[in-house]
Amino acid sequence: MRPFSYVRARTVEQAVSAASPTGAQFVAGGTTLVDLMRLEVMRPPVLVDITALPLDAVEAHGDGVRVGAMARNSDVAHHPLIERRFPALAQALRSGASPQVRNMATVGGNLLQRTRCPYFRDLATACNKREPGAGCAAIGGYTRSHAVLGTSDHCIATHPSDMAVALVALDAVIHVRSVTGSRAIAAADFHTAPGGRPDVETVLRPGELITHVDLPASPMAARSRYVKVRDRASFAFALASAAVAVELRDGAIASARVALGGVATRPWRSREAEQALVGQPVGPETFRRAADAALAAARPQRDNRFKVELARRTLVRALGLATGSDRVARGGAP
Amino acid sequence: MSQSSRPRGAVGQPIDRVDGRAKVTGQATYAADVAVAHVAHAVIVTSPVSRGRITSMDVAAARRAPGVLAVLTHENAPEVPAAPGEEKGAGDRVLQILQDDRIVHADQPIAVCVADTLERAQHAAGLVSARFAAGPARGAIDTDLGSAYVPKTAGPGQKPDSSRGDVAAGMRAARARVEATYTTPVETHNPMEPHATIAVWQGDDRLTLYDSTQGIFGVRKRLAEVFKLEPDQVRVINHFVGGGFGCKGSPWSHVVLAAMAARVVRRPVKLVVTRQQMFSLVGHRPRTIQKVALGARADGVLTAVRHDVVAETSRFDEFVEGSATTTRLLYACPNVATTHRLVRLDVPTPTFTRAPGVASGTFALESAMDELAYQLGIDPVALRLKNHADRDPDADKPWSSKSLRECYRRGAERFGWSRRTPTPRSMHDGRVLIGWGMATASYPAKQMPSSARARIRPDGSVLVQSGTQDIGTGTYTIMTQIAADALALPTGVVRFELGDTMFPEAPLSAGSFTASSTGSAVKMACLALRRKLAELAVADRRSPLHELSPDQIDARDGALVARGRRDPYVDILRRSGQPEVEAEFKTEEKAERKKYTTQAFGAQFAEVRIDRELGQVRMSRYVGAFAAGRILNPKTARSQFIGGIVWGIGQALQEHTARDPRTARAVTRDLVDYHVPVHADVPDIDILTVDEDDPYVNEIGAKGVGEIGITGCGAAIANAVHHATGVRVRDLPITLDKLL
Chain A
1 MRPFSYVRAR TVEQAVSAAS PTGAQFVAGG TTLVDLMRLE VMRPPVLVDI TALPLDAVEA
61 HGDGVRVGAM ARNSDVAHHP LIERRFPALA QALRSGASPQ VRNMATVGGN LLQRTRCPYF
121 RDLATACNKR EPGAGCAAIG GYTRSHAVLG TSDHCIATHP SDMAVALVAL DAVIHVRSVT
181 GSRAIAAADF HTAPGGRPDV ETVLRPGELI THVDLPASPM AARSRYVKVR DRASFAFALA
241 SAAVAVELRD GAIASARVAL GGVATRPWRS REAEQALVGQ PVGPETFRRA ADAALAAARP
301 QRDNRFKVEL ARRTLVRALG LATGSDRVAR GGAP
Chain B
1 MSQSSRPRGA VGQPIDRVDG RAKVTGQATY AADVAVAHVA HAVIVTSPVS RGRITSMDVA
61 AARRAPGVLA VLTHENAPEV PAAPGEEKGA GDRVLQILQD DRIVHADQPI AVCVADTLER
121 AQHAAGLVSA RFAAGPARGA IDTDLGSAYV PKTAGPGQKP DSSRGDVAAG MRAARARVEA
181 TYTTPVETHN PMEPHATIAV WQGDDRLTLY DSTQGIFGVR KRLAEVFKLE PDQVRVINHF
241 VGGGFGCKGS PWSHVVLAAM AARVVRRPVK LVVTRQQMFS LVGHRPRTIQ KVALGARADG
301 VLTAVRHDVV AETSRFDEFV EGSATTTRLL YACPNVATTH RLVRLDVPTP TFTRAPGVAS
361 GTFALESAMD ELAYQLGIDP VALRLKNHAD RDPDADKPWS SKSLRECYRR GAERFGWSRR
421 TPTPRSMHDG RVLIGWGMAT ASYPAKQMPS SARARIRPDG SVLVQSGTQD IGTGTYTIMT
481 QIAADALALP TGVVRFELGD TMFPEAPLSA GSFTASSTGS AVKMACLALR RKLAELAVAD
541 RRSPLHELSP DQIDARDGAL VARGRRDPYV DILRRSGQPE VEAEFKTEEK AERKKYTTQA
601 FGAQFAEVRI DRELGQVRMS RYVGAFAAGR ILNPKTARSQ FIGGIVWGIG QALQEHTARD
661 PRTARAVTRD LVDYHVPVHA DVPDIDILTV DEDDPYVNEI GAKGVGEIGI TGCGAAIANA
721 VHHATGVRVR DLPITLDKLL
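Sequence order for the protein chains is A and B.
Going by this note's numbering, the first sequence opens with residue 1, and the numbers climb by one from there.
Going by this note's numbering, the second sequence opens with residue 1, and the numbers climb by one from there.
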């Protein structure tokens, strides 16, 4: 680990002003940042500790729910308002990491967690995300965990979050604050595809602090579902996941949100799948068409071809469960 | 556990671990926990490339960093021998200890930074930079099979090739044939406690090491050799080990580097291997490609078995995964041929991994047996019974004992095997496919020379010592039980100490032979102590046993007894005027034992549930039935069987050290990417044991239980997956992409 200076912020104002030097990083739960600092993948000169900020409430806000950026993943996952009105978010959070990590990790930190691409974490290999312009060792390497959607010639790293995928499907709005003021960003617009700048992962500007996330009330949200497929029963990142939210009218889909995880470089909203669903009758053919539309642009690597079909099936499963046309088999997985 | 009659006494009782409380309260001092005054910290810097030479190193920034005491590289490290001497043990490896500029595998040590704190040593390590002339590296045997060569052995005491009968004729006579290739991946042990060493020099000629190892005497011997000392100038101490599984079976480079660093900085040095380094510095289970051919008559009787193994080793050393060795003796087939070949790669040297050879080899053989059962339309248990080996067909010797038929019977009964419908995909629960599979388990019951001493003190307490290790298996506990019984004392007055080369020499804790080897030595040392007390008593006219023969004297409740008379140990000791009485015993293999093959057996039954569309495999039920001689402690033995099976679940479904196809460098470098089972992956595991009274295997009748649990387990699960899905996965691990 490299030496760094450490500041503890008491207020949001203190936090954003302390974060003004270049390269300063906020630290909350530390579940990503401390790990990456130990590996020297991240070498921030300044850490601004925001754990004392009064931003951990989960409360009704208008018709929706407001979740503080410092709320712990476990507290959000088990909050009655979330469980009842935004089930996909509760399911996504509970499927992430382990109880111990969820007790530490915060909502803001989860949005900013870094990829688990093994090449990103290994200083001996080239990584454009870690060192812009260095090249991407993952392309042509061992690519089982990598993305098939939203990749570029510079990066194929998968975005690791479960929570962020659910937030995209729930039309969440992320509120941020800096010394110059506040702004709101739609969850679907928050993360950026790598393109030629894999080191840039969100639209956050330097020094901006996530303060809270708003979940708007919608008829779709209550019928939302998160399905995660992984290599073991717990404590594993998604090979594929799907968050869906649907509104039904007369046996047809009136409106829908579809987001995929584990297969894309960012939490992946699929407007193509949404368009394929709206106005169509509930049923496996409709779901399959939507799944085909969602993966139409997939560009697999050598070791992750299976993810294309797996993501389709995962989305079909999520749609079946969300619309009530499919029920979980006794003892079944997801 | 078995309900059959148990002898009275502590042995055979499910008593709690005597070290359990210390472990769960954090009082147990593992190697890195030992408080050593003035200790400095060392961090290893490793190579990014797999093959080539170091052309330059820049350590100036590291040397200047705060708190740094030394930076060792090949340019300034003391000259020491990296290869083991002529009396090398099976586990002694060629080390990579900064002796030259050659790079022979990725993550090879290229520097060691020593500083006054761990953080400062880590910081300095990050400041070391090096340039390399890198050569092309090979990391997969699959594309290099042409370079396969015949190794010297197929493991300790095993020839690389074997042949009996005429396999070609057996194949021609067969009505059913299976010929298939099975592969197992590189697996990395990953004990919870990483390797750690604290090296303390007293002057230039005395070295004390606190080392997390499965073999303190092996460490002593090698370190003495490296630093040109006599063995008794090196002391190795190791009271607790947080798992070994083979990767702590011999001293690796970090042990020498710690001692080297301590000598250079003239301070004690602590070196803890990082989790990332666990994938390269301390061995792994090598990848294997195994071709199995089986021929059988229509009634299932095997007419031919062929098992050809290719495994990887490093460019600079040799380790052989003896995957076909069990095939030589598992079934009563007259025509059997096996071969082992190795391919050299630019990777670290593999090593023994829980049930070396057997875990990988039984996956192939027992999968092939399942394929044969399907081809013949014979129940998999019936097929195995049909080919039961009533004596060791390879050595042509009787078994010292064998209860495999009983394992099949009781395991099948507990599992409900008779309710299985054999057709693949015929058992399901909604969208979940259910599969039942089984396999045979087997592991050799070995015994090595060992020694122990027992000492009784005036208060009647007994101290027993042996230079063995407790690698988490329960050695402290079972040795206490054995000693207590041998001396007819309650376990509470017996204290067993281990993990110090000042104690009588004991072998490695490996090969499932600790209970048999050191358990026998402990028993014999305690009997020798009893004998000494008896000799004191009969010579003492104040003893009620005066002038009896020691041979007539028995022990009961802390006293010597004969003819209705008794003389408590404490009275004998008090009257003798000696402060304590001590006896030491060194065991050797008995000639009688060599007339038999000593082997443990078992039967594994697995149930899997698989999501039809998504392919996720979940274990839902497991029954393991084992016959491993006398079960010394049903509680700790059960934990060993379960632990082996959990390892089998990992091997079957998850574990895989992936390498970059271009650089041979490990890509899975931590426990996020290298999956082992979490609790949610492990179903209820039902363990049955079949008691055996085996007078030949060793003094205590135990065959060892540390490794048999994993054997056959991978095949039982793979066979269950086939039964559930109809898909025969011959390449481990069975991840869901292979089932979509």
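Backbone N, C-alpha and C fix where the C-beta goes; we use that ideal spot for every residue, glycine too.
| query | result |
| --- | --- |
| Residue 57 of chain B (DSSP reduced to helix, strand or coil) | strand |
| Contact the region 200 to 216 of chain A vs the region 173 to 190 of chain A: 3+ CB pairs below 8 Å | yes |
| Test item: CB-CB of residue 560 of chain B and residue 527 of chain B under 8 Å | no |
| Coil, strand or helix - residue 476 of chain B by DSSP | helix |
| Whole beta strand (DSSP E) elements within the region 31 to 117 of chain B, 3-residue minimum | 40 to 46, 52 to 58, 68 to 73 and 109 to 115 |
| Supposed close pair residue 608 of chain B, residue 721 of chain B - CB separation, criterion 8 Å | 6 Å |
| Residue 6 of chain B versus residue 717 of chain B - alpha carbon distance | Here residue 6 of chain B scores only 41 on pLDDT, less than 50, and its place in the model should not be relied on; the value that follows carries that caveat. C-alpha separation (whole angstroms): 33 Å. |
| Contact with chain B by residue 232 of chain A, beta-carbon distance below 8 Å | yes |
| Alpha-carbon spacing of residue 151 of chain A relative to residue 194 of chain A, whole angstroms | 7 Å |
| Residues that residue 197 of chain B bridges to, as DSSP identifies them | B/211 and B/271 |
| Neighbouring residues, chain B, relative to residue 140 of chain A (Cβ below 7 Å) | 662 |
| Residue 7 of chain B (DSSP reduced to helix, strand or coil) | Note on residue 7 of chain B: pLDDT 48, under 50, position unreliable in the model; the coordinate value appears next. In the structure shown, residue 7 of chain B sits in coil (DSSP, three-state: anything other than H, G, I, E or B). |
| At least three beta-carbon pairs within less than 8 Å, the region 574 to 586 of chain B to the region 456 to 463 of chain B | yes |
| Contact with chain A by residue 3 of chain B, beta-carbon distance below 8 Å | Reliability fails at residue 3 of chain B, whose pLDDT of 37 lies under 50, so the model's placement of it is uncertain and the value that follows must be treated cautiously. No, residue 3 of chain B lies away from the interface with chain A (no Cβ there is under 8 Å from its Cβ). |
| Validate contact between the region 49 to 58 of chain A and the region 188 to 203 of chain A using beta carbons, cut 8 Å, 3 pairs | no |
| Alpha helix (DSSP H) segments (min. 4 residues) lying fully within the region 215 to 288 of chain A | 219 to 222 and 271 to 277 |
| C-beta neighbour in chain B for residue 216 of chain A, strict 8 Å | no |
| Rounded separation between residue 30 of chain A and residue 186 of chain B - CA only | 32 Å |
| Below-8 Å beta-carbon distance, residue 340 of chain A vs any chain B residue | The question about residue 340 of chain A has no answer here: the residues shown for chain A are numbered 1 through 334. |
| Outcome for residue 366 of chain B when other beta-carbon atoms lying within 10 angstroms are tallied against a minimum of 16 | buried |
| Residues that residue 1 of chain A contacts on chain B, provided the C-beta gap is smaller than 7 Å | 119, 122 and 123 |
| Residue-level contact to chain A via CB, residue 126 of chain B, 8 Å cutoff | yes |
| Neighbour flag for residue 294 of chain B against chain A, beta carbons, 8 Å | no |
| Cβ shell of residue 23 of chain A (< 6 Å), same chain only, five flanking positions each side left out | 44 and 45 |
| Cβ-Cβ distance between residue 93 of chain B and residue 246 of chain B below 8 Å | no |
| At least three beta-carbon pairs within less than 8 Å, the region 489 to 503 of chain B to the region 459 to 472 of chain B | yes |
| Whole-angstrom distance between residue 201 of chain A and residue 36 of chain A, CA atom to CA atom | 16 Å |
| Check whether residue 655 of chain B and residue 550 of chain B have beta carbons under 8 Å apart | no |
| Proximal residues to residue 713 of chain B (C-beta, below 6 Å), its chain only, five neighbours per side dropped | 604, 645 and 648 |
| Residues that residue 235 of chain A contacts on chain B, provided the C-beta gap is smaller than 7 Å | 678 |
| Collapsed DSSP secondary structure at residue 152 of chain A in the structure displayed | strand |
| Interface flag, residue 62 of chain B vs chain A, CB-CB below 8 Å | no |
| Residue 569 of chain B burial status per 10 Å Cβ neighbour count (16 or more: buried) | buried |
| Alpha carbon of residue 640 of chain B to alpha carbon of residue 236 of chain A, nearest angstrom | 26 Å |
| Secondary structure of residue 634 of chain B, DSSP reduced to three states | helix |
| DSSP bridge partner residues for residue 130 of chain B (one or two, in chain order) | B/57 |
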